[in-house]
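Student: Attaching a single structure in C-alpha cells format; questions to follow.
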Amino acid sequence: MNLLSGEYECKLDPKGRLVLPAKVKGNLPEQSGNQLILVRGFEPCLVLYPRAAWQVIHEKVMALDEFNEEYRQFQRNFFRGMTEVELDSINRFMLPRSMLRYAGIEKEAIIVGLGNRCEIWDPARYDEYLIKDQQSFSKLAQKFLSVDTPATSGPAA
1 MNLLSGEYEC
11 KLDPKGRLVL
21 PAKVKGNLPE
31 QSGNQLILVR
41 GFEPCLVLYP
51 RAAWQVIHEK
61 VMALDEFNEE
71 YRQFQRNFFR
81 GMTEVELDSI
91 NRFMLPRSML
101 RYAGIEKEAI
111 IVGLGNRCEI
121 WDPARYDEYL
131 IKDQQSFSKL
141 AQKFLSVDTP
151 ATSGPAA
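Its first residue numbered 1, the sequence shown is counted upward by one per residue in full-length UniProt numbering.
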C-alpha cells in the first residue's frame, strides 16, 4: 500500500501549475499513472486523490439514495468542481482558477500527504487550521488512538 505523507512547500508558476513533489509522485499507486482527481476540501483547501483512492470515495457517495433531498444536496456539493488532472512530463498539473479562488491559493502552496490523499493549502490558511496547543493535540491523540475500549478499561468485576 502506498502512503502519501509529509508537508511540501511549493510555488505556482504564472499559468497556475504546480509541480507535484517527487516524494509524493513516487508514492502514487502505479495504476493511477499520471491521472489524479482534484476536488474542493471541506475546509478551504483542495484535495488531490490518486484515481484508485478516489474510486472508493466516489462509489460511497454515488451509493447514496438519489431520491433523498439531503443526499442529493451533499452529492451536488461534493462533486462540484471535481476535476481530473494529468501530470505532464515534469510532474506539473494545472489548478483551475475557480479552485485556486476557493482555497485562497495565489503564488505559494503547501501540499500535505494524508495517507490516501493530499491536501493543497494556502500557507497562511493551513497555519490557521493547525492545532497550536500541544496539550489539545495530545488529548485528541488519546481520544482517537487509545487502545482501551469501554469494555476493557473499567475495573474487573
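Note that the Cβ used here is the ideal one computed from N, Cα and C, for glycine as well.
Here the structure is a predicted model, which means the values were calculated and not measured.
Any chance you could list the alpha helix (DSSP H) runs of at least 4 consecutive residues sitting entirely within the segment 49-116, in chain order?
Tutor: As far as the segment 49-116 is concerned, its whole alpha helix (DSSP H) runs of at least 4 residues are 51-62, 69-79 and 97-103.
Student: Grab me the residues of E86's own chain with a C-beta within less than 7 Å of its C-beta, minus the 5 sequence neighbours each way, in chain order.
Tutor: Taking the sequence shown and counting its residues from 1, the one referred to as residue 86 is at position 86. If we look at E86 and ignore the five residues flanking it on each side, its Cβ neighbours are N34, Q35 and F93.
Student: Judging by CA-CA distance, which residue of G104, W121 and A103 is the nearest neighbour of I111?
Tutor: Position 111 of the sequence shown holds residue 111. Answer by Cα proximity: W121.
Student: Would you kindly work out how many angstroms separate the C-alpha atoms of Y126 and E69, rounded to a whole number?
Tutor: Locating residue 126 in the sequence shown gives position 126, where the first residue counts as 1. Locating residue 69 in the sequence shown gives position 69, where the first residue counts as 1. If you take the alpha carbons of Y126 and E69, they lie about 33 Å apart.
Student: Suppose you measure from the CA of L28 to the CA of K139; what does that come to, to the nearest Å?
Tutor: Translated into positions along the sequence shown, residue 28 becomes position 28. Translated into positions along the sequence shown, residue 139 becomes position 139. Rounded to the nearest angstrom, the two C-alpha atoms are 32 Å apart.
Student: Over the uninterrupted beta strand (DSSP E) stretch that includes S146, give me the two end residues.
Tutor: Translated into the one-based positions of the sequence shown, residue 146 becomes position 146. Here S146 belongs to no beta strand (DSSP E), and DSSP marks it neither H nor E.
Student: Tell whether a beta-carbon distance below 7 Å holds between R117 and A53.
Tutor: Taking the first residue of the sequence shown as position 1, residue 117 is located at position 117. Taking the first residue of the sequence shown as position 1, residue 53 is located at position 53. Closer than 7 Å, so yes.
Student: Would you tell me roughly how many angstroms separate the C-alpha atoms of M62 and F78, rounded to the nearest one?
Tutor: Numbered from 1 along the sequence shown, position 62 holds the residue referred to as residue 62. Numbered from 1 along the sequence shown, position 78 holds the residue referred to as residue 78. Computed Cα separation, rounded: 11 Å.
Student: On the DSSP bridge list, what partners appear for C118?
Tutor: Within the sequence shown, the letter at position 118 stands for residue 118. Beta-bridge pairing links C118 to L48 and G113.
Student: Please name the residue or residues paired with R125 in a DSSP beta bridge.
Tutor: Within the sequence shown, numbered from 1, the residue matching residue 125 stands at position 125. None; R125 has no bridge partner.
Student: How many angstroms separate the CA atom of I131 from the CA atom of P123?
Tutor: Counted from its first residue, the sequence shown places residue 131 at position 131. Counted from its first residue, the sequence shown places residue 123 at position 123. Between I131 and P123, the C-alpha separation is close to 14 Å.
Student: Out of R72, Q73 and G81, which one is the CA nearest neighbour of L48?
Tutor: As a position in the sequence shown, residue 48 is number 48, starting the count at 1. Here the closest residue by C-alpha is G81.
Student: Taking all protein chains shown into account, decide if V56 is buried (16 or more other Cβ within 10 angstroms of its Cβ) or exposed.
Tutor: Position 56 of the sequence shown, counting from 1, holds the residue named residue 56. V56 should be labelled exposed.
Student: Assuming L4 contacts V24 (C-beta within less than 8 Å), just tell me the rounded distance between them.
Tutor: Stepping through the sequence shown from its first residue, residue 4 is reached at position 4. Stepping through the sequence shown from its first residue, residue 24 is reached at position 24. Indeed they touch by this definition, with Cβ atoms about 6 Å apart.
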